[in-house]
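One structure below.
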Amino acid sequence: MPAFSVFSSLRAVRAVAAVNPGVLPTLNALIRPAALPLIRPLAMASLGLVASLACVAAQADTLSRIRETKTINVGVREAARPFSFLNDAKQPTGYSVDLCLAAVDDIKKELKLPDLKVNYVVVSGPERIPKLQKEEIDLECGSTTNTKARQEQVSFSYTIFVAGMKVLVPKGTRVESLKDLDGMTIALSKGTTSEKLFTQLNSSGEAKMQLVQYANNNEAFKALREGKARAFPQDDALLQGLASKEKALDALGLASMAFSVEPYGIMMRKGDTRLNEVVDRTLSRLFTSGEIQTLYKKWFETPALTIPMSRLTRDSFVRPNKEAGVAMLLGYSI
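The sequence shown begins at 74 in our numbering and counts up by one.
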């Protein structure tokens with residue numbers, strides 16, 4: 074058997090093993106040299122299984138279910154200000170929520186359902202993708218970075234904002250290079266790209282830090298305020314949102330060093346083509362009409378919070394894209 078056929082068959086068999094660990098013992102036997110002739114028929118069968126699964130996924134169309142139930146489930150965050158958070162009345166609000174509601178309006182028109190009910194579901198960082206995959210939510214409207222790793226599990230809309238990962242530190246604390254982080258206790262928010270990146274940096278020996286994991290942004294921020302940590306890495310806009318809400322901008326500030334580029338998108342189930350098309354069409358309309366500028370000013374140019382529109386964010390409105398985030402220090406996608 075030609076080498077390329079062997080490798081293609083092995084990949085197909087391993088793809089089956091990924092979704093059904095129970096076949097691993099069989100797989101181990103099959104990849105022994107003596108059993109290589111058996112791989113081709115099993116690979117063909119596995120490819121058929123993959124094709125069938127893809128067909129089932131395509132049939133599980135979210136818009137059809139929304140039409141039947143007259144309900145759309147929207148995932149929101151509790152404290153991802155100003156993108157997605159609960160206000161004083163415990164109602165979901167924010168920049169990303171507004172964009173999702175604009176898409177919901179277009180879904181109403183698409184399905185001729187003027188009374189479509191919006192059911193909000195609060196999700197945390199670690200559970201947002203599982204809840205989406207389990208169909209507990211249909212859209213995730215928060216501050217989720219589009220990454221190569223996440224693209225394997227979910228789909229993203231066009232980019233709606235581009236953040237940069239920085240660290241929030243007490244005023245006067247200098248962080249201009251990785252070495253400045255040596256010996257620091259770092260507060261990490263669970264299930265975030267900052268947790269992933271700083272864990273990689275620590276493991277690589279680029280900096281020797283004491284990493285402490287917290288359940289969410291609020292808890293990590295609290296640890297910084299109470300002196301249990303010296304730095305809290307997260308997307309700059311989220312850090313500014315937290316600090317402004319807690320009136321901590323006099324005591325805390327963003328260090329100048331940027332660790333990554335973080336493009337945000339509305340998250341949907343992988344393969345949910347029709348829903349993705351409606352959401353992207355809504356965003357294209359907002360970008361082209363200039364309505365996005367009004368929404369941006371509403372959330373990012375306020376008396377309490379001012380975040381000038383970055384060049385990358387502006388470019389994403391002019392040239393809609395779905396580019397994944399990049400960890401600049403490590404030189405690869407996050």
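Just so it is clear, CB atoms sit at the ideal spot from N, CA and C, and this is done for glycine as well.
Query raised in the report: Residues bridged to Glu374 by DSSP?
Result: Thr379
Query - Endpoints, alpha helix (DSSP H) assigned at Thr142 - result: 135-142
**Report entry** Buried or exposed by the 16-neighbour rule on C-beta atoms within 10 Å, applied to Thr144
**Finding:** exposed
Query raised in the report: Curious, which full-length beta strand (DSSP E) runs of at least 3 residues does the segment 160-238 contain?
Result: 190-195, 227-229
Query - Selection from Gln164, Val235, Ser169, Met382 that minimises the alpha carbon distance to Asn394 - result: Val235
Query raised in the report: What are the partner residues of Pro306, as DSSP defines its beta bridges?
Result: Val240
Query - With 16 other Cβ atoms within 10 Å as the buried cut-off, status of Ala324 - result: exposed
Report task. Compare the beta carbon distance of Arg347 and Asp211 with 8 Å and say whether it is the shorter of the two. Result -> no
**Report entry** When Phe158, Asn349, Phe294 are compared against Gly326, the one with the closest alpha-carbon
**Finding:** Phe294
Requested in this report: Give the single residue among Lys181, Thr367, Phe332, Asp253 whose Cα lies nearest to the Cα of Gln273.
Outcome: Phe332
Query raised in the report: Mapping DSSP to helix, strand and coil, what is Leu327?
Result: strand
Query raised in the report: Distance, Cα to Cα, Phe305 vs Lys182?
Result: 43 Å
Query - CA-to-CA distance, Asn160 to Val242, given in whole angstroms - result: 26 Å
Requested in this report: Check whether the Cβ atoms of Thr258 and Gln283 lie closer than 8 Å to each other.
Outcome: yes
Requested in this report: Tell me where the beta strand (DSSP E) around Arg358 begins and ends.
Outcome: Arg358 -> not in any beta strand (DSSP E); alpha helix (DSSP H) instead, spanning 346-362.
Query raised in the report: Does the segment 183-196 come within contact of the segment 298-316, defined as at least 3 CB pairs closer than 8 Å?
Result: no
Query - Beta-ladder partner(s) of Ala260, from DSSP - result: Val285
Query raised in the report: Going by the beta-carbon positions, is the gap between Val149 and Gly215 smaller than 8 Å?
Result: yes
Query raised in the report: CB Ala377 to CB Ser317, shorter than 8 Å?
Result: yes
**Report entry** Closest residue to Arg298 among Ala260, Ala310, Ser267 (Cα-Cα distance)
**Finding:** Ala260
Query raised in the report: With C-beta atoms as the reference, is Val177 less than 8 Å away from Leu189?
Result: yes
Requested in this report: Count the other C-beta atoms from every protein chain shown that fall within 10 angstroms of the C-beta of Thr217, then say buried if there are 16 or more, exposed otherwise.
Outcome: buried
Query raised in the report: If we ignore side chains and look at the alpha-carbon of each, how far apart do Val240 and Met340 end up?
Result: 25 Å
Query raised in the report: Which of helix, strand or coil does DSSP assign to Ala108?
Result: The pLDDT assigned to Ala108 is 37, lower than 50, so where the model puts this residue is not dependable; a value taken from the coordinates is nonetheless given after this. Helix.
Query - Closest residue to Ser137 among Ser169, Leu184, Gln164 (Cα-Cα distance) - result: Leu184
Query raised in the report: Is the beta carbon of Ile202 sitting closer than 8 Å to the one on Ala310?
Result: no
Requested in this report: With a 10 Å radius around its C-beta and 16 neighbouring C-beta atoms as the bar for buried, classify Pro110 as buried or exposed.
Outcome: Residue placement at Pro110 is poorly supported in this model, since its pLDDT is 42, which falls under 50; the coordinates still yield a value, given next. Exposed.
Query raised in the report: Can you tell which of Gly314, Tyr337, Gly344 has its C-alpha closest to the C-alpha of Leu356?
Result: Tyr337
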